[in-house]
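One structure is given here, and the rest of the page talks about it.
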Amino acid sequence: MPALRSSTARLLLERVKDDQRSPLVRQVAASLDAESGRADVELAATLLSLHSDDAADSVLLSHLQRLIDRGQHDQVAAVCMHHPLLLQDVRSRSIDDVHGIVAEIRGPRNKCIAVSTCAPDGNNQTRGVSETSDESMVASVGRVAQKLGFLNRLGLTGLSNLEFRSLLESCCLLVGATDKKVYSAAHETISSLLGSFKGLSKDEQRRLWDCVRSLVQFSDVAYKTIGFLLWLSWVLSNPEIHTTILADQRYWHSIVDGLGRGDSERRKASLQILKVSVAACVQDPALTSIITSDSKTVPADMFTAPAAVADQYARFSNVFETIVLGRYLNQVIECEADLDFLASSQSLVRPVWLYTLLTCAFNPKLQESNRRYIGTWVMTSKPRIDDIDVYLKFFRQAFLPWVTGGHMFTSTLQRAGDHGCCEHGDRLARYIAELLGSTPAVADGVVGAILDSVLSRQANNFAYATAYLVEGIRQAYIASDSLILSSSQLDSIARIPSWAGLPEVSRDYIVATSWNLSHLYVQRNGELHASETVSLSARKWQELLERSVQLPLQASAHIHGNIASMALEQSNRDKNESKAIRKVLTTVAELEGADKPIDALQLREAVEEVFESADYLEYPLSLLTVLPMLVPHRRLVKVALVESASNSDLDIVLTEKVSSLLELAQKRAYLLAPIITAVRAVALQIPESATILKLEQAVVGLAEHPPGLTIDARLEDAIIPLLQGLDAKMSRFDYRFYFGRRESHGFAALLDLMSRIGAVDQRLVRHVVDTVLQRWTAQKIPAPSVSSWKTTLQLQVLLLGLEQYLPQVDHEEAKVVVKDLYHNLSVEPLPRYRYLLEWMIARAYIHHPALQSGIFDELRTRDHHSNPKFLASLMKLGVTLAKIEGSTEAFALDLVALFVPMAASSKVVIRHEAQWSVPNLMDLARERNWTSIISNTALTELDDFIRSLERFGDPPIERQIDKLDPIKDHTFTHLVEGSWHELDHVEQRQTSREDFVALYAKDLASLPPSCMPLGEAMPLHQTVNTQATEPKFPKSNNDKVSQNITAITNALDSTSLSTTALQTKGAAYLSSTRTRHNDLLVIASLVDNPYNLGGLSRASEIFGAGTLYIPTTQILSHKDFTSTSVSSHLHFPILPLPAQDLAAFLAKKRRKEGYKVVGIEQTDRSVILGDKECVLPEKCILVLGSERAGIPAVVLGECDVLVEIRQRGITRSLNVQTAAGIVLNEYARQHAIKR
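Read in order, the letters of the sequence shown correspond to residues 0 to 1234 in numbering that gives the first Met the number 0.
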């Protein structure tokens, strides 16, 4: 076509006289207008190429510029491609136009420039297009975007130095424009310039650095991202960075800022910039000190070895990428050795990079498991303090906010003997103490940072964290005479308890610790050097110790006052609480007066008054724990019963208040022990009080909703040992001092009350049994393992109720109960509940031996495949009943005969239970000389075979702990402490034998008999821990650290570390349909796993991608590729594209062929796949990240659009094949080909 057009133009000129040729060319050029097509323009250009004419050339150039301004870039580019001279003229004119527009913009810069990229001080102010912007300015902005877009389309190779500098200068300004089209085009132009021109001069590099610095320091994320991408393009294309720039500390601070505050895109760019910059530095010995550690223990010759420095920074980059960008816990754990090395004196990497990495690792957006692992590493390692300011900044801004997070404390609460403990809190206190003791250089700064953080954040602080931080300071101060706490720091600690939000025990602990530290300060330094506050606090410590030894054995904070009451003035609320407590105590004293007559009406008024106060004060702990002393007082109940026929209504009020306290006890565990203990004492001494005391509500309600300690109460419990540890005389400040008896005492009182309630009211026993049993029998099928209403306590109450109910009923009623128990056993999945149900059934058979034959009916009629767990339970029950004294030989023979076929059942549960049961029955038969069994050859042979099995001598733990002897084990001790509690971990033990012993020791009067004896103490047994634990660091941490440092040193000495990053993101990035989309190119050059590449081939072909690019076509014959690709690779083009050529390939496709590059990556500029903002371009190149490093920064810089897949679950990423299919399907949906 160009040859034909040239022939036509030549023929036309030949037919015109020489003097008419110029007018003809001018006439053709002048005829060009908005309606002219490409052929018209081509003809004019061809005529000019054959017959030069300046006037016509100027007209043609002007027309082409108008086309460019209208966005008809392809038409102009097509014309220029066949006319090289015209191309140069058009490009030069466009560059001049851009320069002119920039000169026009420079004046009123505030109207269309957001970032001043040429300010030498980098002090940028946000500016935007104002409402008063004139039309010419808006038009200029639109024109410059079109000019730059055309230049990028045309290509920028072959520019003169003058054109290069002019365009670079212009774009350095325009890249800060407010208009997105302008700054995006300017960004692309600068990237093209940098790719086309090597060896930038000092001035050009300085200009670029000023531009980049202004952008990366700007607040808007879009400009920051452009800044880092330009910076990356610059250093990759011109790695010989000028020394004056590398010597500028702002250069390195900007990289630190990119790593610390950027999204994944900016962080990847920053890592690559860091590696290139380090490589440039190590070539100049004068610059080496900028990037190497000041450690004096590093051999001097290491500073002269560029490879050593570069390798260590490369290794740091890998670690950063793995921990911050990769985020897989197993890979993070593998970085432990590198972290130890980076924190050691052998590391050449400056501390700022290590602490930047650690700061990023504590980002709340990262997985909690990773943050916890890094936090544990920090607390078990020694800090690098060759840059104290950097360390303290990390400690203050990153470590403290993480380590004081509430979830860290609440998730590590444990029981330690008779008190609680917080593992994280104790670890934090030890870490602070060791840090202050082992690194005195940072001690003052660390204490200052802690106190500043605590005092400045106050309400935002997790209150309990403050107590452990103060404990760490106290431990360090006591352990080291050289540690100095200033008087002002002690004053700061003394101010902490004044917060309104501090819980009671934590406040008392901090008050006491403040006094204790002040006392030690005065001892060491004398009172002359102490402030007035410190001196007063020191005296308060002595007063506290004197007071503590004078407290009675059963002292209460709510009656005798807490520690803070010695230091802080009571608030109005505290005064009202104290007044109400005094009213309760006064009324109780009157009730206990010797035979003093009491007026029922006055009693009612007193009860109502204190409850009104409690309601007004929202039932505070201090008042609630003393209210059960009054309601239900034994004498108060007696008066209410006597006066029930009068108009005093004392019985009605008393019933209402007891009910209110029982309801509150379901939510406030500290109220359980006092109210249930009081109800039990009165109910068992005054049987007719059952209605007033709401016994049914007490038993059934609390059994269904047993209270547990709140998180706050458990945290307070964990602080108590710290308080008692201040001095041996502080032992009186225990759990009972603050909260009364533990809730476990209340559960013991509840169970004991239920065990005796039959002697009080047999009808009440039946009602409790019916209520609980019907609730369980009516549950939906399949029964849930865990439910809000199902509790172990319910079944314990039911067991005690049945023990009193079954002996009183006839055979038929007992049979109905057993049937309901069988039903519940058949549907219940939770092992602990099944155990208690089996216990009840066994006791039912003991009380009604005639029912025992029913177990054979159940065993014979049940299909082995319908409910194997139920049959296994029946077999266990059968063996249990056979062992009971009085059981017959015939019963055992029938039972073992049923077990024989079951020992060969196809159901594993049934087969195993039968195989365990047969030897048990055979042992019993030998013990009791049941000849019909022990002389049976078939049974003895089966017994011998089972005993020969390997697992017989090593039974699983479940078989060891679920044994039941319904006679010997029928005790409270086994009920509340038996090993059956370890069958699962749904609930914890709620009480203990010691609680029953303590309860019985308080009983002053004789009580009705219990249906269950206390039993002997349980032998000590080892708890089975089936809970998953997080990886912990070894106790010999110093040895481990030394090994890690040695391992990394040897690795660095032996060979240079590969700079390939570990996995940073598992994403997936594609799109297509079954009908072939020739404009959709899928790039898998970064994927190296043959199995994944085969899956990508399959997905790409199915969704109709035009071409798939892979690292090498040799992979097509790999067995893993073909196993997943099936025949897909035979049905569409698959071409080679090495990863190192990817960036250049994308740049060419974008600029020469108009493709848009879509990468799939999670960054600040990513759009969510499927949202309306996520429009995938039809002419699309989709880039898939590698399994390890995702999409590298240099490729991200070529991406026009970044997308990510919305996730609902918590798994971090999809497999690349799966994710690719999702994006390919979305592309196919958006660009469905209509037939």
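For every residue, glycine included, the Cβ atom is placed at its ideal position computed from N, Cα and C.
For N515, the enclosing alpha helix (DSSP H) has its first and last residue at 503-524. Collapsing the DSSP output to three states places T242 in a helix. With the rule of 3 Cβ pairs closer than 8 angstroms, the segment 605-619 counts as touching the segment 565-583. Residue environment analysis places M407 among the buried positions, since at least 16 neighbouring C-beta atoms fall within 10 angstroms of its C-beta. Annotation for I883: no beta strand (DSSP E) segment contains it, and DSSP assigns it neither H nor E.
Closest by C-alpha distance to V533, out of M565, S485, E568, E576, is S485. A1004 is classed as exposed because its beta carbon has fewer than 16 other beta carbons within 10 Å across all chains shown.
The Cβ-Cβ distance between K364 and A1192 does not fall below 7 angstroms. For T1106, the uninterrupted beta strand (DSSP E) segment begins and ends at 1104-1109. The C-alpha of L435 is placed about 26 angstroms away from the C-alpha of K539. For E1203, the enclosing beta strand (DSSP E) stretches over residues 1200-1203. Put simply, the segment 1118-1127 does not touch the segment 1170-1190. Fewer than three CB pairs are less than 8 angstroms apart. Straight-line measurement puts the Cα of M628 at about 55 angstroms from the Cα of F890. Taking C-alpha positions only, V1200 is separated from G154 by approximately 21 angstroms. In its chain, beyond the 5 residues on either side, C1010 have a beta carbon closer than 6 angstroms to the beta carbon of E802. Burial is judged here by how many other beta carbons sit within 10 angstroms of a residue's own beta carbon; P673 has at least 16 and is buried.
Apart from the 5 residues on each side of it in sequence, Q696 sits with its Cβ closer than 7 angstroms to the Cβ of S658, L661 in its chain, given in chain order.
A residue is called buried once 16 or more other Cβ atoms fall within 10 Å of its Cβ, and F944, having fewer, is exposed. Non-local beta-carbon contacts of V630 in its own chain, meaning distances under 7 angstroms to residues more than five positions away in sequence, involve V606, L653, K656, V657, L660 in chain order. Put simply, the backbone Cα of S91 is about 9 angstroms away from that of L158. For I674, the uninterrupted alpha helix (DSSP H) run begins and ends at 668-684, by DSSP. Annotation: the continuous alpha helix (DSSP H) that includes Q311 extends over 305-319. For H418, the enclosing beta strand (DSSP E) stretches over residues 418-421. Following the DSSP letters along the chain, one finds G257 inside the alpha helix (DSSP H) bounded by residues 248-260.
Straight-line spacing of the CA atoms in G724 and I477 works out to 12 angstroms. DSSP, reduced to helix, strand and coil, places I691 outside both helices and strands of the structure shown, so it counts as coil. Less than 7 angstroms separates the beta-carbon of S292 from that of L347. Scanning A102, V181, K1039, G148 for the CA closest to the CA of A113 turns up V181. Beta-bridge annotation (DSSP): R414 is paired with G419. Between V771 and L797 a beta carbon distance of about 5 angstroms is seen, short of the 8 angstroms cut, so the two are scored as contacting. Taking a contact to require three or more Cβ pairs closer than 8 angstroms, the segment 276-291 and the segment 241-261 qualify as touching. Distance from the CA atom of S165 to the CA atom of V140, rounded to whole angstroms, is 18 angstroms. Within the model, the alpha-carbon separation for I718 versus Y804 is close to 45 angstroms.
Taking C-alpha positions only, R142 is separated from G99 by approximately 11 angstroms.
When DSSP reads this structure, P1135 sits in a beta bridge with I1109. Only residues of its own chain outside the window of five on either side were considered, and among them S978 have a CB closer than 8 angstroms to the CB of Q959, listed in chain order.
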